[in-house]
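Going by full-length UniProt numbering, the first residue of the sequence shown is number 1, and it counts up by one from there.
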Amino acid sequence: GQRGELPVPSGAGLYLQPEAPGLLHRLFHPAEFWHALFHAELPPEHFHPKTLPVLVVDFCCEYLENEVSEENYLYLQELASIYNLKRLDSYIDSFILQNFGTLSFTPNFLQNISIQKLCQYLGNLLQAALQWLTQYPERETEAYQVLDNIHFPLIPKSDLLHRVKPAVCSLLPKEANCEGFIEEAVNYHNNITAQPILQNKRTALRTNEERLLFVGGEVSERCLELSDDTCFLDTKKGQWVTETPLPARRSHHCVAVLGGFIFIAGGSFSRDNGGDAASNLLYRYDPRCNQWIKVASMRQRRVDFYLAAITDMLVAVGGRNENGALSSAETYSPQKDSWSYIAGLPRFTYGHAGTVYKEFVYISGGHDYQIGPYRKNLLCYDYRTDVWEEKRPMITARGWHSMCTLEDNIYSIGGSDDNIETMARFDILSVESYSPQCNQWTRVSSLLQANSESGVAVWEGKIYILGGYSWEDTIFSKTVQVYDKEKNKWYRGTDLPKAIAGVSACVCALKPQKEDKKKKTKMKKHQDRGR
1 GQRGELPVPS GAGLYLQPEA PGLLHRLFHP AEFWHALFHA ELPPEHFHPK TLPVLVVDFC
61 CEYLENEVSE ENYLYLQELA SIYNLKRLDS YIDSFILQNF GTLSFTPNFL QNISIQKLCQ
121 YLGNLLQAAL QWLTQYPERE TEAYQVLDNI HFPLIPKSDL LHRVKPAVCS LLPKEANCEG
181 FIEEAVNYHN NITAQPILQN KRTALRTNEE RLLFVGGEVS ERCLELSDDT CFLDTKKGQW
241 VTETPLPARR SHHCVAVLGG FIFIAGGSFS RDNGGDAASN LLYRYDPRCN QWIKVASMRQ
301 RRVDFYLAAI TDMLVAVGGR NENGALSSAE TYSPQKDSWS YIAGLPRFTY GHAGTVYKEF
361 VYISGGHDYQ IGPYRKNLLC YDYRTDVWEE KRPMITARGW HSMCTLEDNI YSIGGSDDNI
421 ETMARFDILS VESYSPQCNQ WTRVSSLLQA NSESGVAVWE GKIYILGGYS WEDTIFSKTV
481 QVYDKEKNKW YRGTDLPKAI AGVSACVCAL KPQKEDKKKK TKMKKHQDRG R
């Protein structure tokens, strides 16, 4: 943006002592500077050699504070940063907060304010709101309407109890009915596992931008084996950026998003993706505070299964473990932090895929034994009746494929199958679309390349297939394949940083990252083996 002009006295400028901290080298004409300094009626001790450099800096800051305006505040903020003028920087912060409603919508602010400063100002919204409300007594009647927009539940609990509550109670009358916001926030902190179903506008991140993420997986590079990466796609930079490491390395696990939280369930903790390495653990990631927690474990260890998020619950379906293929299904209640069995599948199933359409869970394909062809079956689960219903089978039998919902259609994508005669595994590139209204499958454009064990997500109106494995070529893939429904065409997206299979993908709103700083999670990474 265009910088505002800073009115300064004319002249060549004054060169200040280089040993003084944070100096401005050329701001004032020498004669005018010393004239102003000596007419400031300062005590003689201020002219001591050790005091004068600090005095000069304070004088410069005071002068610049008087010149701050909507035209030049960002330029002066940059100046304060360059020369470490903390007093001036603090003054400009106050200026921006006092005029936030106006400045935050100007092109200059939107284009040039740094992410660090933006986060700082958003964190001071409560203070600004209270200051505004207490300026005039008649504003107290508007307190509820104003504080309704403050995200109290995202304030640390200790600050809520020891700083925020006393401030609100002392500044606002009880008739304002604002203590309920504090009670709601404390209740949110006291019910950690229930937070995904306690969501409202005050618990959400201040962003409407959702990110595409991939989570974990099995990588092809030697010595890396399983991944603990959780990365999102930065479309502006055209690269994948680390959001957080997983608390434990996983592949062939499942990911679901509920209430703006990312859940990671089950999967394999060994590169040998057999049932013996299956996990039953469930982790939850909160992007609001960049924190992982471990919540209640599934009743069954599961790998190669499907995990859905519907209404206020998670649903885990099928898979396999040390006892072989599973037909069981179970639901997780965040409110109770516990799992409960629901109606099981009509047959053992693993290597299947699933998706959610209008609160119905759909799964397709997979099989129940190591040897033999995969299935075409499509099943639909209604949690209201706790019943699985057979729907029209797919055109092509497949397993290790992907499923997703885009608008009013369900897509079954790629995968692989076993040759009936030779039992050799072969790749499937075909894609088919299912209409729940018509109970009918239709072929659409095929994949660009094999995608068994890939991640899948729908983001910004397109289907994304991340990585995967080719059974015919026995290679991992870092390719991202993107499907445009309007054009019925697949094209390549931004490659993953590593060739990877057994990976999961999701879409979730994330907190903006600070520039040039790596995020730290609040849970130490560890290896685990199930329970």
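Think of the CB as a built atom: it goes at the ideal place given N, C-alpha and C, for glycine as much as any other residue.
Segment limits, alpha helix (DSSP H) that includes Cys169 | 165–171
Separation of Cys404 from Glu330, as counted between CA atoms | 21 Å
Measure the Cβ-Cβ separation of Gly101 and Pro196 and say whether it is below 8 Å.
-> no
Decide if Lys336 is buried, meaning its Cβ has at least 16 other Cβ atoms within 10 Å, or exposed.
-> exposed
Taking just the CA atoms, how far does Ile363 sit from Tyr374?
-> 13 Å
Report the rounded CA-to-CA distance for Trp441 versus Leu496, giving the unit in angstroms.
-> Their backbone Cα atoms lie some 31 Å apart in a straight line.
Quick one: is His25 buried, meaning 16 or more other Cβ sit within 10 Å of its Cβ, or exposed?
-> Legend: pLDDT at His25 = 43, less than 50; position of this residue unreliable, value from coordinates given subsequently. His25 is classed as exposed because its beta carbon has fewer than 16 other beta carbons within 10 Å across all chains shown.
Along the beta strand (DSSP E) that carries Arg443, what are the first and last residues, could you check?
-> Residues 440–444.
Start and end of the beta strand (DSSP E) containing Pro245?
-> 239–245
Using 8 Å as the Cβ pair cut-off and three pairs as the minimum, do the region 418–433 and the region 182–191 touch?
-> no
Counting along the chain, where does the beta strand (DSSP E) carrying Glu71 start and finish?
-> Note, Glu71: premise wrong, no beta strand (DSSP E); not H, not E.
Rounded to whole angstroms, how far is the Cβ of Arg443 from the Cβ of Ile395, which I believe are closer than 8 Å?
-> 6 Å
Own chain residues within Cβ distance below 7 Å of Tyr483, not counting five before or after | Lys462, Ile463, Trp490
To the nearest angstrom, how far is it from the Cα of Leu103 to the Cα of Arg87?
-> 21 Å
Hey, would you say Ile293 sits closer than 8 Å to Val215, going by beta carbons?
-> no
With distances taken Cα to Cα, identify the nearest neighbour of Gln145 among His252, Ser416, Arg163, Leu126.
-> Leu126
State the start and end residues of the unbroken alpha helix (DSSP H) segment that holds Gln291.
-> It is not in any alpha helix (DSSP H) - Gln291 instead sits in the beta strand (DSSP E) that spans 291–295.
With distances taken between CB atoms, is the gap from Ile310 to Val361 smaller than 8 Å?
-> yes
Going by DSSP, name the residue or residues bridged to Gln481.
-> Ile465, Arg492
For the alpha helix (DSSP H) that Ala128 lies in, which residues bound it at each end?
-> 125–133
Just the C-alpha distance for Ser333 and Asn84, rounded to the nearest angstrom, thanks.
-> 51 Å
With a 10 Å radius around its C-beta and 16 neighbouring C-beta atoms as the bar for buried, classify Thr203 as buried or exposed.
-> buried
Would you mind reading off the limits of the beta strand (DSSP E) that contains Arg425?
-> Taken as a continuous stretch (DSSP letters only), the beta strand (DSSP E) holding Arg425 covers 425–427.
DSSP three-state call for His189: helix, strand or coil?
-> helix
From the DSSP output, in three-state form, read off Arg211 for me.
-> strand
Chain-order list of residues whose beta-carbon lies under 6 Å from that of Ser268 (same chain, five-residue window excluded) | Ser251, His252, Ala277, Val303
Hey, is the region 337–350 in contact with the region 283–292, meaning 3+ C-beta pairs nearer than 8 Å?
-> Because the criterion of three Cβ pairs below 8 Å is not met, the region 337–350 and the region 283–292 do not touch.
What three-state label does DSSP hand Ile115 in the structure shown?
-> Collapsing the DSSP output to three states places Ile115 in a helix.
Report the rounded CA-to-CA distance for Lys95 versus Glu138, giving the unit in angstroms.
-> The residue asked about is misnamed: residue 95 is Phe in this sequence, not Lys. Approximately 24 Å, taken between the alpha carbons.
Inter-residue Cα distance where the pair is Asn72 and Lys498 = 46 Å
In angstroms, rounded to a whole number, what distance separates the CA positions of Gly318 and Asn112?
-> Approximately 51 Å, taken between the alpha carbons.
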